[in-house]
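Visitor: Got a structure here, written out as structure tokens. Questions coming.
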Amino acid sequence: MANHAESLIQKGIPSAVLRCGKFEFVEAEDNLSDSSDDGHEEYLGEHDRQLLTDCETVKQIRNGASRIVFAHPEAIVTSKQGRSLLQTRAFQSNVVACVVDEAHCIDNW
């Protein structure tokens with residue numbers, strides 16, 4: 494994914510890559526639902542993920558500087574940070590494509 498993003502950047506198309514990893518749990522009760530501002534946050538148990546993308550990349554996306562975002566499904570579906578990023582006005586207004594790596598995991602198009 495990084496190679497694809499770099500190739501697009503060299504062609505003048507602002508791109509970014511979102512990566513994630515497993516969330517490290519401290520205590521089971523710490524994983525209970527945290528209410529987000531919209532009240533839609535849910536506990537995903539062992540499937541909770543955290544973004545491993547550097548802060549500069551996330552800032553770039555939040556500031557509307559990326560047009561194409563490459564991501565693993567976990568980075569945008571099971572990551573609280575990734576889901577939050579998808580809901581920002583900057584993401585929805587500026588990102589024209591979110592390229593999902595491992596698209597073979599998608600059941601229906």
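Here my numbering is used: the first residue of the sequence shown is 494, the next is one more, and so on. C-beta atoms are modelled at their ideal positions from N, C-alpha and C, and glycine is treated no differently.
My understanding is that Ile561 touches Ala590, with C-beta atoms under 8 Å, so please give their C-beta distance in whole angstroms.
Guide: Yes, they are in contact, since the Cβ atoms of Ile561 and Ala590 sit about 5 Å apart, within 8 Å.
Visitor: Could you give the residue range of the alpha helix (DSSP H) that holds Ala564?
Guide: Unbroken run through Ala564 is the beta strand (DSSP E), 561-564; no alpha helix (DSSP H).
Visitor: Helix, strand or coil: which one does DSSP assign to Ala568?
Guide: Helix.
Visitor: Helix, strand or coil for Ala495, going by three-state DSSP, please let me know.
Guide: Looking at Ala495 - three-state DSSP - the assignment turns out to be helix.
Visitor: Pick out whichever of Cys513, Val570, Ser559 has its Cα sitting closest to the Cα of Glu499.
Guide: Considering only alpha carbons, the answer is Ser559.
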